[in-house]
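Some notes on the structure that comes next.
2 protein chains.
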Amino acid sequence: MAKQKISAVPSIRRLPSYLHIIRQSKDEGNEYISGTVIAQELRLEPIQVRKDLAITGIVGKPKKGYPVVALMAAIEHFLGWDRVHEAVLVGAGNLGTALTGYPEFQYHGLNIVAAFDQDPAKIGKTIHGVPVFSLETMKEQVRNLKATIAILTVPSAHAQAVADSLVSAGIKAIWNFTNVKLKVPDEVIVQREDLTSGFAMLCVMMNAKGA
Amino acid sequence: MAKQKISAVPSIRRLPSYLHIIRQSKDEGNEYISGTVIAQELRLEPIQVRKDLAITGIVGKPKKGYPVVALMAAIEHFLGWDRVHEAVLVGAGNLGTALTGYPEFQYHGLNIVAAFDQDPAKIGKTIHGVPVFSLETMKEQVRNLKATIAILTVPSAHAQAVADSLVSAGIKAIWNFTNVKLKVPDEVIVQREDLTSGFAMLCVMMNAKGA
């Protein structure tokens, strides 16, 4: 059975940038923001912005634009960022440590409750306030903590075995920062974060400018 | 003047995943790979894969598919990954350190030649073989090293000032991992890497599954 297809992937990917700009506008005291202003900030076409925002169900008012508070709430609700997701981090290396300290996540309901690693030097310490436990205790703790999301930042060679363990512990979604295409049951969601994808964009833009 | 628009952004973003799968297929001894096989691996529609690959200028043969060596070369050439890009890293924290050790970059011509930081404890050391220099020497060294790309992993509060410095040193492209919308001259390329964008996808998929 094929995994469920999510439509409007590029639109969904743009929503966090919109949210960032709308929040800034609110902090500056604005009650309304127009699709055109958002488009200018992000160098997109206004029609694109309006189409993207329409998937959240909110419509702007002619001349005034979108009410900022309602628009933020609509985006956050659409993304499920108005509720808390308990997550565990597996692999407390540099990338994992960076992710636990990523300042944006606090706004998005991503609550990293525990980290796991096999390095005795890391176990028992905390990274950005998140306690690091032995990988051996992972299965039991994931169940106890009722974590639904696992952020996977282990070396590629261990990725599949750790994923298998996470799945058997009841994890619903894996945010995969390794370069391994994980094999998981259909009901488990995997979002692979491929940093080379952004680098591809950068390179194509450089080519286009002859840089 | 608006920045040049790059068409086919989602296609470009998918090319690195295709390359990864095609390389695996080559390593397994295959001479040809079909669009359908790539599509199955990535859970995409075959027509989408064929459309995406068409932007590189290569066409498959009926029944046989694409010749793997030529296809890899075409993608790499399209992305400019068949030449070396000298890059500097600014901000040798956890994320910066993780990026210097990111295993995929070696395949893509991304050559990180120097890192800069203001922490005296880091200056003079190396991270994954990359020497860390004082931020004060950045402008001069970027010029001397003829680096074209800067990877920006400094705290947000310093992002704009560092970007200004990089631009005045002649950097052509900034790969921005901060959450700051940088103001740079039109001729400078900025690719912002927003990790919350992948998290948005994960959350929407979870919502769709009622997870």
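Just so you know, the protein sequences line up as chains A and B, in that order. For the first sequence, the working numbering begins at 1 and goes up steadily by one. For the second sequence, the working numbering begins at 1001 and goes up steadily by one. From the three backbone atoms N, C-alpha and C, an ideal C-beta is built for every residue, glycine too. A quick note: this is a predicted structure, and the numbers were derived from the prediction, not measured.
- Between the alpha carbons of E31 of chain A and Q1048 of chain B lies a distance of about 41 Å.
- By the Cβ neighbour-count rule, G1170 of chain B is exposed, with fewer than 16 other Cβ atoms within 10 Å of its own.
- Within chain B, the C-beta atoms nearer than 7 Å to that of Y102 of chain A come from L1195, in chain order.
- The beta carbon of D82 of chain A is closer than 6 Å to those of E76 in its chain, skipping five residues each way along the sequence.
- Three or more Cβ pairs closer than 8 Å define a contact, and the stretch 126 to 136 of chain A meets that threshold against the stretch 96 to 112 of chain A.
- Of the candidates B:R1043, B:R1014, B:P1016, B:R1043 places its Cα closest to the Cα of D186 of chain A.
- DSSP links K1061 of chain B through a beta bridge to B:G1065.
- According to DSSP, E104 of chain A shares a beta bridge with no other residue.
- Look at D1164 of chain B here: in three-state DSSP terms it is helix.
- Residues of the same chain with a CB within less than 8 Å of the CB of D119 of chain A, apart from the 5 flanking positions on each side, are A92 in chain order.
- Judged by pairs of C-beta atoms under 8 Å, the stretch 171 to 179 of chain A touches the stretch 134 to 153 of chain A, as three or more such pairs exist.
- Looking at B:D1194, B:P1062, B:V1069, B:L1079, the one whose alpha-carbon comes closest to that of D1052 of chain B is B:L1079.
- Residues of chain A whose Cβ lies closer than 8 Å to the Cβ of S1034 of chain B do not exist, since the nearest Cβ in that chain is about 17 Å away.
- Listed in chain order, the non-local C-beta contacts of Q1141 of chain B below 7 Å within the same chain comprise A1114, F1133, local neighbours out to five positions each way being set aside.
- Around the beta carbon of P1010 of chain B, fewer than 16 other beta carbons lie within 10 angstroms, which makes this residue exposed.
- Beta-bridge pairing by DSSP links L89 of chain A to A:A115, A:I151.
- Between N94 of chain A and the set B:D1027, B:T1196, B:T1153, B:K1064, the nearest pair of CA atoms involves B:T1153.
- Put simply, of A:V84, A:N144, A:K209, A:G96 the residue whose alpha carbon is nearest the alpha carbon of M1206 of chain B is A:V84.
- Residue state for F1133 of chain B is assigned as strand, using DSSP reduced to three classes.
- Inter-residue distance for V188 of chain A and N111 of chain A is about 19 Å (C-alpha atoms, whole angstroms).
- Among the residues of the stretch 173 to 185 of chain A, those with a Cβ less than 8 Å away from any Cβ of chain B are A173, W175, N179, K181, in the order of the chain.
- Annotation: Cβ neighbours of K1209 of chain B in chain A (cutoff 8 Å, chain order): Q4, K172, E187, I189.
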